[in-house]
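Student: Once you've had a glance at the structure underneath, I'll fire off some questions.
Numbering (full-length UniProt numbering), first residue to last: 1 to 171.
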């Protein structure tokens, strides 16, 4: 069997490397796999770049948190009246007051009847009155109530970082 190939069709590559692009007779041989590889590499590079930029956050967002009055971080499990009131303040990350926010208290490891929420008003201050709605399970000596800040809707405040919690103790 004799091959009918000419010198220009040889596969040794020497002739092909000297020929011009216009005389390349390979057509689209291997083009599809090259496009797929380029697409995969491009998508991977884009994902890495977006991941690096994802940690920056939105421009202008300011973290807001709850500040608890120093003597109110611990309450009794069966406290009522003034003993069950906790003074909380809404502050931004720079220590500035945040007015018209809402402080929300929810059960964590301590029990709480429902959800307690209070607006801060113009003075960034709210009083959470638990009044006996806090309790502990029978096998607990201490638990926590979690606090969250809902910032004003017309502001650039966000609450993504953990806030301090109120400790409930059994004495």
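Using N, Cα and C, we set each Cβ at its ideal position, and we do this for glycine too. Fair warning: this is a prediction, and the values are worked out from it, not measured in the lab.
1) Assign residue 94 to buried or exposed, taking buried as 16 or more other Cβ atoms, counted over all protein chains shown, within 10 Å of its Cβ.
2) When burial is assigned at 16 or more other CB atoms within 10 Å of the CB, is residue 121 buried or exposed?
3) Could you give the DSSP three-state label for residue 136: helix, strand or coil?
4) For the beta strand (DSSP E) that contains residue 62, what are its first and last residues?
5) Pull up the distance between the alpha-carbon of residue 63 and that of residue 103, whole angstroms please.
6) At the 8 Å Cβ level, is residue 155 part of the contact set with chain B, yes or no?
7) If distances are taken between C-alpha atoms only, which option among 32, 45 and 73 comes closest to residue 144?
8) So which of 140, 60, 99 and 78 has the shortest CA-CA distance to residue 88?
9) What's the gap between the Cα of residue 78 and the Cα of residue 139?
10) Look at the Cβ atom of residue 75, then the Cβ atom of residue 84, and state whether they are nearer than 8 Å.
11) Leaving out the 5 sequence neighbours to the left and right, which residues in its chain are closer than 8 Å to residue 61 when beta-carbon positions are compared?
12) Reducing DSSP to helix, strand and coil, say where residue 98 ends up.
13) Taking all protein chains shown into account, decide if residue 48 is buried (16 or more other Cβ within 10 angstroms of its Cβ) or exposed.
Tutor: Taking the definition as stated:
1) In the chain shown, residue 94 corresponds to position 94, counting from 1. When all chains shown are included, residue 94 counts as exposed.
2) In the chain shown, counting from the first residue as 1, residue 121 sits at position 121. Per the 10 Å Cβ criterion, exposed.
3) As a position in the chain shown, residue 136 is number 136, starting the count at 1. In this structure, residue 136 counts as coil in the three-state DSSP scheme.
4) One-based indexing of the chain shown puts residue 62 at position 62. Residue 62 -> beta strand (DSSP E) spans 62–68.
5) Numbered from 1 along the chain shown, position 63 holds the residue referred to as residue 63. Numbered from 1 along the chain shown, position 103 holds the residue referred to as residue 103. Distance between the alpha carbons of residue 63 and residue 103: 14 Å.
6) The chain labelled as chain B is not found in the depicted structure, where only one protein chain is given.
7) By one-based count along the chain shown, residue 144 stands at place 144. When only C-alpha atoms are compared, the closest one is 73.
8) Here residue 88 is taken as the residue at index 88 of the chain shown, counted from 1. The shortest C-alpha separation from residue 88 is found at 99.
9) Residue numbering aside, residue 78 sits at position 78 when the chain shown is read from its first letter. Residue numbering aside, residue 139 sits at position 139 when the chain shown is read from its first letter. Approximately 15 Å between the Cα atoms of the pair.
10) As a working mapping, residue 75 is identified with position 75 in the chain shown. As a working mapping, residue 84 is identified with position 84 in the chain shown. For residue 75 and residue 84, yes; Cβs fall inside 8 Å.
11) On the chain shown, position 61 is the one that residue 61 refers to. The answer, listed in chain order, is 156, 157 and 158.
12) Position 98 of the chain shown, counting from 1, holds the residue named residue 98. The answer is coil: DSSP assigns residue 98 none of H, G, I, E or B.
13) Here residue 48 is taken as the residue at index 48 of the chain shown, counted from 1. Residue 48 is exposed by the Cβ-count criterion.
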